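To start, the structure itself, in structure tokens.
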Amino acid sequence: MSKSSYTPQPGSKISAAIQALLDGPMTAIALGNVMTAPANSVPQMLVKPIKEGMIIKLQDKTGLLHFSLPGMAVDESFTAWTSVERAPKAPKPPPRAAEAAAPFKVDAADPFGLVAARAGVAKRSPEGAAASVFSAPTADQVKHFANRAPVPKTPPPTSDPFTTSPFVAALFSTGDLLIQVGEASVRLSREHQEQLQQYVSRFKE
Numbered sequence: 004m005s006k007s008s009y010t011p012q013p014g015s016k017i018s019a020a021i022q023a024l025l026d027g028p029m030t031a032i033a034l035g036n037v038m039t040a041p042a043n044s045v046p047q048m049l050v051k052p053i054k055e056g057m058i059i060k061l062q063d064k065t066g067l068l069h070f071s072l073p074g075m076a077v078d079e080s081f082t083a084w085t086s087v088e089r090a091p092k093a094p095k096p097p098p099r100a101a102e103a104a105a106p107f108k109v110d111a112a113d114p115f116g117l118v119a120a121r122a123g124v125a126k127r128s129p130e131g132a133a134a135s136v137f138s139a140p141t142a143d144q145v146k147h148f149a150n151r152a153p154v155p156k157t158p159p160p161t162s163d164p165f166t167t168s169p170f171v172a173a174l175f176s177t178g179d180l181l182i183q184v185g186e187a188s189v190r191l192s193r194e195h196q197e198q199l200q201q202y203v204s205r206f207k208e
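With the numbering used here applied, the sequence shown covers 4 to 208.
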């Protein structure tokens with residue numbers, strides 16, 4: 004067997020990990036602190052040196068993964084790493100062909116499918132045609148449904164302060180005019196009255 008030509012670059016994280024393993028087996032968390040990397044990424048970062056035989060995997064009595072250098076004397080509590088393969092997930096079953104191909108059928112008692120939708124039931128026609136197409140409701144069904152639709156309530160009329168509040172007008176000895184509607188009031192001087200009269204006269208022309 005040919006000797007591997009792989010050599011970690013001096014000063015790299017792999018080189019730092021090998022140097023730290025000279026003191027004995029280390030967990031992924033301990034090596035992550037040495038390599039300044041997350042513990043869950045340490046096994047992936049060590050794939051190359053493990054493949055080249057520069058680092059080996061061990062496990063303690065609890066099954067916790069450790070990394071070590073080959074040929075080093077280790078405690079009897081460490082044994083060779085035994086990987087546990089997870090069973091593949093079972094594939095999801097495909098939808099039944101009859102349900103996938105059968106088109107929807109509109110019920111005369113439920114033309115828009117409101118009752119079926121609330122119950123979570125999809126009503127399909129027994130013909131099982133290839134095309135999945137909604138059946139259009141007839142004019143009688145639409146008319147029947149429209150007659151059963153609730154009539155929206157008419158909102159109450161809004162109150163008009165000019166019709167519900169008393170109107171008061173007063174003329175002062177100075178010539179000022181006071182107009183009051185409910186709690187709102189305005190006082191117009193003679194100059195303001197002339198301006199208002201000129202403005203209103205525009206609509207009469």
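We put the CB at the ideal spot given by N, CA and C, even for glycine. Keep in mind that this is a model prediction, so the values were computed, not measured.
The C-alpha of Pro96 is placed about 40 Å away from the C-alpha of Ile32.
In this structure, the straight-line span from the alpha carbon of Ser15 to that of Met75 is close to 22 Å. A distance below 6 Å between beta-carbons, with the five flanking residues on each side excluded, links Tyr9 to the following residues of its chain, in chain order: Glu55.
Straight-line spacing of the CA atoms in Ile182 and Ala173 works out to 7 Å. Rounded to the nearest angstrom, the gap between the Cα atoms of Leu191 and Gln198 is 10 Å. In the three-state reduction of the DSSP assignment, Arg205 falls in the coil class. Burial check for His69: the Cβ neighbour count within 10 Å reaches 16 or more, so the residue is buried.
If you draw a straight line from the Cα of Thr82 to the Cα of Pro73, it comes to about 12 Å. When secondary structure is reduced to three states using DSSP, Gln183 falls in the strand class. For the options Thr65, Ala40, Ser71 and Pro46, the alpha carbon positioned closest to that of Gln22 is the one of Ser71. For Arg193, same chain residues with a beta-carbon under 6 Å away, outside a window of 5 residues either side, are Gly178 in chain order. Leu67 sits in coil when the DSSP states are folded into three classes, being neither helix nor strand.
Of Ala93, Glu186, Asp143 and Met48, the smallest CA-CA separation from Ser18 is found for Met48. Here Val45 is buried. Its C-beta has 16 or more other C-beta atoms within 10 Å. Listed in chain order, the non-local C-beta contacts of Gly35 below 7 Å within the same chain comprise Pro41, Ala42 and Val45, local neighbours out to five positions each way being set aside. Rounded to whole angstroms, the separation of the alpha carbons of Gln196 and Val203 is 10 Å. Residues Gly27, Pro28, Leu61 and Ser71 of the same chain have their beta carbon placed closer than 8 Å to that of Val77, with the five preceding and five following residues left out of the count.
The continuous alpha helix (DSSP H) containing Gln47 extends over residues Val45 to Met48.
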